[in-house]
Every structure is written in structure tokens, then in C-alpha cells.
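Below: one structure, written as C-alpha cells.
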Amino acid sequence: MALLERNKHIKADLIEKGILKIDISMIDNVHQISTSFIISFPEKMIKHAEADFKRAPYLGVCKLMSKKMKNLEGIKLDHGFTQKVVRAVGGEKGCHHIVDQTLEMAKSLSQFIDKAYNIPINDLLDNAPLLREKVLEVYPEAKNMCWAYNLDNNHLFTKEIKCGLKGNLII
């Protein structure tokens with residue numbers, strides 16, 4: 040048996056123009072915690088945050104952290120976000136799992152949703168090299184962030200390279 044096995048699930052939905060709902064769940068040998076965030080977009084402000092503890096080492100005590108989720112409301116996903124989150128729901132009077140899930144929400148927003156509204160992704164699904172070029176144009180911070188966006192790999196993006204995204208993207 041594994042000492043630790045942890046799974047995370049992230050789901051982002053556009054619930055109305057300018058409003059995203061991002062749900063994060065984490066389940067491991069000891070915990071089952073779900074968080075939900077309502078984010079205004081494009082200003083990227085947390086409008087609502089909640090947590091549900093279904094399993095935890097001290098369920099009755101850990102569940103009290105749900106009340107602290109209100110401390111996240113009004114925080115913008117901008118410079119200093121991590122420190123703001125730690126002050127709001129972390130540290131010795133907080134829960135590092137809630138901090139982790141809040142940061143996962145921010146990562147999912149910045150890795151895809153944050154800049155994608157400026158890229159006609161659905162129009163570029165048949166042209167992976169051009170899609171990559173547009174992503175790097177709109178999101179220059181992605182340069183050299185990973186293998187696919189490593190500038191030394193430009194030569195790998197030939198017309199034979201296919202895009203692995205699906206045509207049902209709603210952005």
C-alpha cells in the first residue's frame with residue numbers, strides 16, 4: 040500500500056460573461072477536500088470562496104477552516120497573490136491544503152484561461168505551429184517555461200505536428 044496517494048481534480052466553467060467558477064477537489068489517504076471559487080474576469084478577483092471537508096484527520100476541527108474561506112473574497116490574482124493567500128487561510132492558524140487548492144485555482148487560471156481569451160484557439164486547431172506562435176505572442180512568459188515552449192525547439196514545430204486540443208473549447 041502506498042504511504043501517500045493524492046489526486047486533484049480541477050474544473051473551470053464560464054457561468055456567465057465575466058464570471059468563472061473554478062472547483063478543485065483533492066482526495067488522498069487521509070483527506071477529501073473540495074473548494075469552489077467564483078472569479079470575476081478579466082479583473083481576476085475572488086468574489087466567492089468556499090470549502091467542504093468530507094474527510095480529514097480531525098474532521099470536526101479541520102471543517103472549521105471552511106469559515107476562513109471568506110478571507111479570500113476580494114483578493115485579486117495579481118502580484119503578491121501567494122502571500123495574500125497564506126495570510127488569509129494559511130500559516131499556523133490556517134490549512135496548507137486550502138492554500139494549495141487556492142494556488143491551484145490561480146495556476147489553472149494563469150496557465151490557460153488567463154491569456155486564452157486573446158487567442159482564437161478554435162481557429163488554429165489545425166495549425167499547431169501557428170497556435171504555438173500565437174500563444175508565445177500573447178503569453179511571452181511561457182517562453183522556455185516547458186519543453187513545448189522552449190525556443191530551442193522551434194524546429195520541432197513542422198506542419199506534421201498536430202494540435203492535441205479539441206474543437207469544443209468555449210473560449
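Residue numbering for the sequence shown follows the working numbering, starting at 40 and increasing by one per position.
The C-beta atom is built at its ideal place from N, Cα and C for all residues, glycine as well.
It should be emphasised that the depicted structure is a prediction, and the values quoted were computed from it without experimental measurement.
Residue pairing of E55 in beta bridges, as defined by DSSP: I58. Distance from the CA of K123 to the CA of N110, rounded to the nearest whole angstrom, comes to 10 angstroms. Linking P168 to L204 through their CA atoms gives a straight-line distance of about 13 angstroms.
Looking at the DSSP output, N46 sits in a beta bridge with I66. In the three-state reduction of the DSSP assignment, D165 falls in the coil class, being assigned neither a helical nor a strand state. Per the Cβ contact rule, the segment 73-85 is not in contact with the segment 95-104 (fewer than 3 Cβ pairs under 8 angstroms).
Residues A167, P168 and R171 of the same chain have their beta carbon placed closer than 7 angstroms to that of F196, with the five preceding and five following residues left out of the count. Just measuring C-alpha positions, the residue of K93, I160 and K50 sitting nearest I61 is K50. Linking W186 to G99 through their CA atoms gives a straight-line distance of about 44 angstroms. By alpha-carbon distance to K201, the top candidate from N193, L164, N192 and A41 is L164. Annotated as proximal: K115 and K83, with beta-carbon spacing under 7 angstroms.
K47 is positioned such that its CB atom lies closer than 7 angstroms to that of M65.
M108 has its alpha-carbon roughly 35 angstroms from the corresponding atom of Y188.
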